[in-house]
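**Q** Its first residue numbered 1, the sequence shown is counted upward by one per residue in the working numbering.
Each residue gets a CB set at the ideal place from its N, CA and C atoms; glycine is no exception.
Treat the numbers as computed from the prediction; the structure is a model and nothing was measured.
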Amino acid sequence: MVKQLDSIVQDPTNQELKLHSRNFLVKDLALKINQLLIKHRKNERELYQLKNEQDVAIHNIAHDLRTPLTIASGYTQVLLKQPAIGGDDHESLVRIEQNLNSVAKHLDLLLMYNRLNEHELMVNLQKINITSMLQEMILGMYEAFTNKKIELKLNLQSNCWWVADRDMLQRIFQNLLGNILEHGTEAAEITLNGDDQQLCIAFSNKLAQPIKNPERLTNRFYTEDLARKSENAGLGLYITKKLTTLLNGTVTIETTATKFTIELQFTKNNL
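(1) Buried or exposed for Gly184, going by 16 or more other Cβ atoms inside 10 Å?
(2) Tell me the rounded alpha-carbon separation between Leu281 and Ile61.
(3) As an exercise, report each continuous alpha helix (DSSP H) stretch of at least 4 residues that is fully enclosed by the region 143–192, in chain order.
(4) Would you call the region 206–214 in contact with the region 246–264, where contact means no fewer than 3 C-beta pairs closer than 8 Å?
(5) Counting C-beta neighbours from all protein chains within 10 Å, is the total for Arg41 16 or more, i.e. buried, or is it exposed?
(6) Only counting the same chain, and skipping five residues up and downstream in sequence, which positions put a Cβ closer than 7 Å to that of Lys127?
(7) Could you pull out every residue in the same chain whose Cβ sits closer than 7 Å to the Cβ of Lys27, ignoring the five residues on either side in sequence?
(8) So, are the CB atoms of Thr245 and Gln197 less than 8 Å apart?
(9) Could you give the distance in angstroms between the alpha-carbon of Asn159 and the alpha-carbon of Leu192?
(10) Contact defined as beta carbons within less than 8 Å: I believe Ile273 pairs with Glu182. What is the distance between those atoms, to the nearest angstrom?
(11) Of the residues Ile38, His119 and Ala202, which one's Cα is nearest the Cα of Leu134?
(12) Can you tell me whether Leu19 is helix, strand or coil according to DSSP?
(13) In the DSSP assignment, the beta strand (DSSP E) including Val251 goes from what residue to what residue?
(14) Kindly examine the ligand ATP and report whether one of its heavy atoms sits closer than 7 Å to the Cβ of Met137.
(15) Let me know the secondary structure DSSP gives Ile262 once reduced to three states.
(16) Taking the straight line between their C-alpha atoms, what separation do you get for Asp167 and Tyr48?
(17) Where do the N-terminal and C-terminal ends of the alpha helix (DSSP H) with Leu243 fall, by residue?
(18) Below 6 Å CB to CB, which residues in the same chain sit around Ile180 once its five sequence neighbours on both sides are set aside?
(19) Can you tell me whether Leu226 is helix, strand or coil according to DSSP?
(20) Quick check: what's the CA-CA separation for Ala104 versus Leu69?
(21) How should Gln174 be labelled, buried or exposed, when 16 other C-beta atoms within 10 angstroms of its C-beta is the threshold for buried?
(22) In the structure shown, what three-state DSSP assignment does Leu125 receive?
(23) Alpha carbons only, please: which of Leu264, Leu243, Asn269 and Glu16 is nearest the one belonging to Leu109?
(24) Which whole-angstrom value is the C-beta distance of Leu36 and Asp165, which I expect to be below 8 Å?
(25) Our contact map puts Thr240 next to Ile172 with C-beta atoms below 8 Å; I'd like the distance itself, whole angstroms only.
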C-alpha cells in the first residue's frame, strides 16, 4: 500500500489503491484513502477551472479599462495645451493626468502579470545594444529624476551587446527605473558590464528608511510602503524576476539600512 501511495503522490494519475487484504480494517482504510484521492482530484479540477476563469476576467476587465483610460488621457492632454486654462484649473488637470498615468501603469503591470500566468509570452531573440537601450530610457525619464531630486550616476560599458528579447528587457528596465523613482532618494547608480558569455546590470539607490523584508520583495503583490504611499501594486519586482528568468538570468537583491541594490546577471544560453 505504501508503494502505491508513493507512486500516486509522485506522478499525476487517476490511479487508486488496490488491495486484496481480507482484513476489514485495512480494506476500510484503503476505501477512505481512495475517497480522499477522488475528493482531492475534484478540488484540483475546480481550482484549475477557477484560475482560468479569473485569468480571463482579469484580461477582459483590463482591456475594457484601457479604452476609456486612453480617451480620458487624450482629453486631458488637449486641455492642458489650452492657454485659456490656468491657475487652479491647470493644476487640477495636472493632477488628473498624473493619476491617469498611475492607473495606466498599474493596468500595464496587471496585463503583464496575467500574460506571465497564462504562459502567453514568447521569447523573441535579437542582438541588442544594451548600452544604447538603457541610455535612451534614462534620457526619457531624466525630467522625472530631476523633479525627484535624485542624482543619477551612470557607469555603463560602451557598446555592450547582448542577445535577448527587446520588449522583455524594456519592461525590466522600466520596472527598475520606476522603482528608483518611487522608493529612491537623493542618489542612485546604474552599472552595466558584460562580455560574450555574461551580462551584469545593477540598479542601486539610497533609501529614506530601511527595508524590513527584502527577501519578500519579488513575491507577487508584496510591497513595502517606503515612500509612504498606497499606490504600489507589488508586481514590478515580481514581473522583473519572472522576465529575467525567461531570459536565462538571475536576480539578486542586497540591502543595508540606507541602500537598496538589485543586480541582474544573464548567462549566454540557447534559449
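**A** With the given structure in hand:
(1) buried
(2) A query on residue 281 cannot be resolved here, the shown segment of the chain reaching from 1 to 271 and no further.
(3) 166–183
(4) yes
(5) exposed
(6) Trp161 and Val163
(7) Leu19 and Ser21
(8) no
(9) 10 Å
(10) Because the chain spans 1 through 271 in this model, residue 273 falls outside it and cannot be assessed.
(11) Ala202
(12) coil
(13) Gly249 to Thr255
(14) As presented, the structure is devoid of all ligands, the ligand ATP included, so that no description of it is given.
(15) strand
(16) 29 Å
(17) Gly236 to Leu246
(18) Ala188 and Asn205
(19) Because the pLDDT at Leu226 is just 47, under 50, the model does not fix this residue reliably, and the point stays unresolved.
(20) 7 Å
(21) buried
(22) strand
(23) Leu243
(24) Incorrect: roughly 44 Å between the Cβ atoms, too far for contact.
(25) 5 Å
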